[in-house]
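Those protein sequence lines, which keep their order, are chains A and B.
Counted the way this note's numbering counts, the first sequence spans residues 54 to 167.
Counted the way this note's numbering counts, the second sequence spans residues 1332 to 1442.
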Amino acid sequence: DTAVSQTPKYLVTQMGNDKSIKCEQNLGHDTMYWYKQDSKKFLKIMFSYNNKELIINETVPNRFSPKSPDKAHLNLHINSLELGDSAVYFCASSRNPQGTYEQYFGPGTRLTVT
Amino acid sequence: QKEVEQNSGPLSVPEGAIASLNCTYSDRVSQSFFWYRQYSGKSPELIMSIYSNGDKEDGRFTAQLNKASQYVSLLIRDSQPSDSATYLCAVNSGGYQKVTFGTGTKLQVIP
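The following block contains the structure:
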């Protein structure tokens, strides 16, 4: 069974479009995250949710809107896509938001904006 | 000063040698430290976690933590070509509300 899954795995779209990425975890974890990994491989946190509540929003443009319908799901919607949004987006989950336990990562969504 | 710093490498070691990966962090109250391995095109996966000063061993991997020096390292003994990957150091910080990742060290094990 896949612990953390993301869809789609690849996303190619044009500037100005709106797109969504979905994430689901079956680990029973309370906390879920979105990370952006750029071409230099730096893994930067974007958002963190704990039991459906937003707890971290790391100066991300408001074109990015996360939504957590329940604690097993965390989706990311991006409006008006820009070239600089091209990156790999990883979803992750952990037992708590304090960072005391390891994070489990999804396979990533490679977003290419042309 | 970056919150979590790593040498980006690449660090090249011959097969069978010991690879030593280093990480420094800035938040003195950090309590949890992690090493993740990321193969090219894949997602990060946990190798080791360490919470107390000293060494923690798991197979060929040893994590070392020195909170006074704000330093955490990962040793890989008997390095194998399959160990070639980017190794990410991660530290909890910001009042324990998040984990910050370093930029990663790329390791190349030469057969």
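Built from N, CA and C at the ideal position, the CB exists for glycine as well.
How is the beta strand (DSSP E) around residue i delimited, first residue to last?
i                 : result
lysine 89(A)      : 84 to 90
aspartate 123(A)  : 117 to 123
lysine 93(A)      : Looking at the DSSP string, lysine 93(A) is not in any beta strand (DSSP E), and its letter there is neither H nor E.
glycine 1385(B)   : 1385 to 1389
arginine 1368(B)  : 1364 to 1369
valine 1403(B)    : 1402 to 1407
leucine 1438(B)   : 1436 to 1441
valine 65(A)      : 63 to 66
lysine 1429(B)    : 1429 to 1432
proline 1345(B)   : 1342 to 1345
threonine 1355(B) : 1350 to 1356
Which residue wins for smallest C-alpha separation from residue i, given the options the options?
i                   : options                                        : result
methionine 68(A)    : Pro160(A), Pro150(A), Ser139(A)                : Ser139(A)
proline 122(A)      : Ser146(A), Glu155(A), Tyr102(A)                : Tyr102(A)
asparagine 1423(B)  : Trp1366(B), Ser1410(B), Asp1414(B)             : Trp1366(B)
histidine 130(A)    : Gly137(A), Leu136(A), Ser118(A)                : Ser118(A)
serine 1415(B)      : Pro1442(B), Val1335(B), Ala1350(B), Leu1438(B) : Leu1438(B)
aspartate 1386(B)   : Leu1406(B), Ser1400(B), Arg1368(B)             : Leu1406(B)
phenylalanine 95(A) : Tyr142(A), His82(A), Ile108(A), Gly81(A)       : Tyr142(A)
serine 73(A)        : Asp83(A), Leu134(A), Lys93(A)                  : Leu134(A)
alanine 1421(B)     : Gly1435(B), Leu1342(B), Glu1388(B)             : Gly1435(B)
glutamine 78(A)     : Gln90(A), Asn110(A), Ala145(A)                 : Ala145(A)
glutamine 151(A)    : Ile98(A), Leu107(A), Thr84(A)                  : Thr84(A)
lysine 120(A)       : Trp87(A), Tyr157(A), Arg148(A)                 : Trp87(A)
lysine 1402(B)      : Gly1372(B), Lys1373(B), Phe1364(B)             : It should be noted that the sequence gives tyrosine, not lysine, for residue 1402(B). The option with the nearest alpha carbon to tyrosine 1402(B) is Phe1364(B).
serine 1413(B)      : Cys1354(B), Tyr1370(B), Glu1336(B), Asp1358(B) : Tyr1370(B)
glutamine 1362(B)   : Ala1399(B), Gln1337(B), Thr1417(B)             : Ala1399(B)
In chain A, what lies closer than 9 Å to residue i by C-beta?
i                 : result
valine 1360(B)    : Residues of chain A passing the Cβ test: none, with the nearest at roughly 12 Å.
threonine 1434(B) : Lys93, Lys94, Phe95, Leu96
Assuming residue i and residue j form a contact by the criterion Cβ under 8 Å, report the distance between their Cβ atoms to the nearest whole angstrom.
i                : j                 : result
lysine 105(A)    : lysine 124(A)     : 6 Å
valine 1404(B)   : glutamine 1395(B) : Here residue 1404(B) turns out to be serine, not valine, going by the sequence shown. About 5 Å separates the two Cβ atoms, so the contact holds.
threonine 165(A) : valine 65(A)      : 5 Å
arginine 1391(B) : arginine 1368(B)  : That belief does not hold up - the Cβ atoms of arginine 1391(B) and arginine 1368(B) are roughly 12 Å apart, past 8 Å.
glycine 1433(B)  : valine 1335(B)    : 4 Å
Against chain D, with Cβ distances strictly below 8 Å, would residue i count as a contact?
i              : result
valine 1403(B) : In the structure shown, chain D cannot be found, because the protein chains are A and B.
Starting from residue i, find everything on chain A with Cβ-Cβ shorter than 8 Å and list it in chain order.
i                  : result
glutamine 1439(B)  : Within 8 Å Cβ-Cβ: nothing; glutamine 1439(B) doesn't reach chain A, min ~15 Å.
asparagine 1423(B) : Gln151, Gly152, Thr153
Buried or exposed, going by whether 16 or more other CB atoms sit within 10 Å of the CB of residue i?
i                  : result
leucine 1419(B)    : buried
proline 1375(B)    : buried
arginine 116(A)    : exposed
valine 1430(B)     : buried
valine 1360(B)     : exposed
glycine 137(A)     : exposed
proline 61(A)      : exposed
leucine 127(A)     : buried
leucine 1352(B)    : buried
serine 1410(B)     : buried
isoleucine 1378(B) : buried
isoleucine 1349(B) : exposed
serine 147(A)      : buried
tyrosine 1356(B)   : buried
Residue i versus chain A: which residues are under 7 Å apart at the beta carbon?
i                     : result
lysine 1429(B)        : Ile98, Ser101, Ile109, Gly152
phenylalanine 1365(B) : Glu155
leucine 1377(B)       : Glu155
threonine 1417(B)     : Lys94
serine 1380(B)        : Glu155
Give me the chain B residues within the contact set of residue i, using Cβ-Cβ distance strictly less than 8 Å, ordered along the chain.
i                    : result
phenylalanine 117(A) : Per Cβ cutoff of 8 Å: no residues; phenylalanine 117(A) is ~17 Å from chain B at best.
Can you list the residues of chain B that residue i reaches, using a CB-CB cut of under 7 Å?
i                : result
glutamine 156(A) : Val1430
glycine 159(A)   : Ser1374
Does the beta-carbon of residue i, which I'm using as the reference point, lie nearer than 7 Å to any heavy atom of the ligand ZN?
i              : result
proline 114(A) : With respect to the ligand ZN, the structure offers nothing, as it holds no ligand at all.
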